[in-house]
Structures are given as C-alpha cells and as structure tokens.
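Quick mapping for you: the protein sequence lines, in order, are chains A and B. Numbering-wise, the numbering used here puts 70 at position 70 of the first sequence, and it's gapless, one number per residue. Count along the second sequence from 1, then add 1000; that gives the number in the numbering used here. From the three backbone atoms N, C-alpha and C, an ideal C-beta is built for every residue, glycine too. None of the values given here were measured: they were computed from a predicted structure.
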Amino acid sequence: AQKITQTQPGMFVQEKEAVTLDCTYDTSDPSYGLFWYKQPSSGEMIFLIYQGSYDQQNATEGRYSLNFQKARKSANLVISASQLGDSAMYFCAMREGANYGQNFVFGPGTRLSVLP
Amino acid sequence: ETGVTQTPRHLVMGMTNKKSLKCEQHLGHNAMYWYKQSAKKPLELMFVYNFKEQTENNSVPSRFSPECPNSSHLFLHLHTLQPEDSALYLCASSQGDRDQETQYFGPGTRLLVL
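This is how it looks when you write it as structure tokens:
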C-alpha cells in the first residue's frame, strides 16, 4: 500500500488566488513527520514546511500553511495568494518513527500551474 | 555557498563508462542521502549515511557504489550503467538528529545513459 497519496496529478490556479494541494498518508507509528517540498523545472527539491505528529497547531511558513487533520491522516498544503513562480511540482513526504532518514517516503507529486 | 551542491549538473555517459557524482553540504549536517528520481515515479531513496557510516541501502544494484569520506561529502560512483538508469540523482542532507531531520536537497545531476 502506498504510504503517501497525492490524488491530484495536476492543478491549475489563477494568480493571486489560494490553492490547496491534497496529501493523505498511512502510518501506524505514533511519531512521524510530514513535509512538503517544491520542485521547479530546474530540478532542485526545495523544502517548504514541516508538521510533526505531536504538533498541536497547524504549521505555517509565509504563504504556505499545512492543514493537518490527524484523524483523517491528511496534511494538505495551502498556498495563499499564488504567484507565477509557484508553478512547479509539489511533493508531500513522511518520515515514520523517530529515526532520521530511514522510512522517509515521498508521494507521487502534484504539478501546479499558476495562470496569469 | 549554497547549502547542498552537486556536480556535475548534467552527465551523459555510455554504458561502459565510469563516472562519479559529487555532493557537498555546507550545513554542518551529519546525515547524507542519495535519491533517484525517474520520470513519472516517486523519489526512490538509494543510500543513507550518518556520521560517515552507511545505514541504508535500498536494494540498489552494485553498479552504483556510494562513498562518504566525511560528513560533508558524498559520492556516487557509476560503472556499466544501463539506459534505464537515466534519471535525476538528488543528494540531500539532514541534521542526523531525530528532532531535526528536515532533509535539504541539492540541485541534482541529470544523468543520461546511452
């Protein structure tokens, strides 16, 4: 079974509007971390935001926020006020357990296109 | 100097060639990783090193050989590759501490095997 599911292969959003990218995960480990990365066409994977399984509040980083619904096992990324430079692939990832590196899995990604 | 650098950025090689990919991190991290990203496939973790010790090898073929001489440098030695090995190879690093383990990535090496 897939550990990370991103059901939207592609998304379009109008510039300056908000967009939500979906991510659901599967784990039985009580301790885990959830990450979102952005990958522009240049290839570099850029870290955006992190949510720990024990964090009480949703993570926010500038225009990025993570809508963490633990019971539903979802960790959707919300980008507010979209910009043309936000066009890229977006990957949701999860680290299970307390160990670095190991069990760090990525979802298939969502390609976001911001329209002028 | 940016956090994680990779060289070369692009590489074309024949199946009989031997080449090496280099990764260097300037973040003071202790863990480093190699990932493979093929078209239309999720990232695949290949190798993990922590404090220069290899801790993960996800059934990677022996034609890929990693080397980690110190916590700042990571190499991926390539020999007798196959066309299906063509992909983007990404290096990442993290603190290596379980509470600080966001992985930071380099720009990748785009490899084409002819």
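Chain B beta carbons: is any one of them nearer than 7 Å to that of residue i?
| i | result |
| --- | --- |
| Gly43 (chain A) | yes |
| Tyr50 (chain A) | yes |
| Pro108 (chain A) | yes |
Would you mind sorting residue i into buried or exposed? The rule is 16 or more other CB atoms within 10 Å of its CB.
| i | result |
| --- | --- |
| His1029 (chain B) | buried |
| Ser1094 (chain B) | buried |
| Asn1057 (chain B) | exposed |
| Ser82 (chain A) | buried |
| Met1015 (chain B) | exposed |
So residue i contacts chain B; which residues on that side make the cut at Cβ distance below 7 Å?
| i | result |
| --- | --- |
| Tyr64 (chain A) | Here the premise fails: no neighbours, minimum Cβ distance about 14 Å. |
| Phe47 (chain A) | Thr1102 and Tyr1104 |
Which residue marks the beginning of the beta strand (DSSP E) containing residue i, and which one marks its end?
| i | result |
| --- | --- |
| Lys1005 (chain B) | Reading off the sequence, residue 1005 (chain B) comes out as Thr, not Lys. Val1004 to Thr1007 is the span of the beta strand (DSSP E), which, as asked, contains Thr1005 (chain B). |
| Thr110 (chain A) | Thr110 to Leu115 |
| Phe68 (chain A) | Tyr64 to Gln69 |
| Ala93 (chain A) | Ala88 to Glu96 |
| Asn1050 (chain B) | Glu1044 to Asn1050 |
| Ala1031 (chain B) | Ala1031 to Gln1037 |
| Ser1093 (chain B) | Ala1087 to Ser1094 |
| Glu1110 (chain B) | Residue identity check: residue 1110 (chain B) is Arg in the sequence provided, not Glu. Segment Thr1109 to Val1113, the beta strand (DSSP E) holding Arg1110 (chain B). |
| Lys1018 (chain B) | Lys1018 to Gln1025 |
With 7 Å as the threshold, decide whether the Cβ of residue i is near any Cβ in chain A.
| i | result |
| --- | --- |
| Pro1061 (chain B) | no |
| Pro1014 (chain B) | The amino acid at residue 1014 (chain B) is misidentified as Pro; the sequence shows Gly. Not closer than 7 Å to any Cβ of chain A, the Cβ of Gly1014 (chain B) fails to qualify, so no. |
| Gly1108 (chain B) | yes |
| Pro1066 (chain B) | no |
| Pro1042 (chain B) | yes |
| Thr1088 (chain B) | It should be noted that the sequence gives Leu, not Thr, for residue 1088 (chain B). So yes, Leu1088 (chain B) belongs to the interface. |
Kindly examine the ligand HEM and report whether one of its heavy atoms sits closer than 6 Å to the Cβ of residue i.
| i | result |
| --- | --- |
| Leu1027 (chain B) | This structure simply doesn't include the ligand HEM, nor any ligand for that matter. |
### Message
If contact is defined by three or more beta carbon pairs under 8 Å, each pair taking one atom from either stretch, is the segment 1085-1092 of chain B in contact with the segment 1033-1045 of chain B?
### Response
yes
### Query
Are the segment 1006-1022 of chain B and the segment 63-70 of chain A touching by the rule of at least three beta carbon pairs closer than 8 Å?
Segments in contact, no.
### Task
Mind the definition here: the segment 5-25 of chain A touches the segment 78-92 of chain A only if three or more C-beta pairs lie below 8 Å; say whether that holds.
Touching, per the Cβ criterion.
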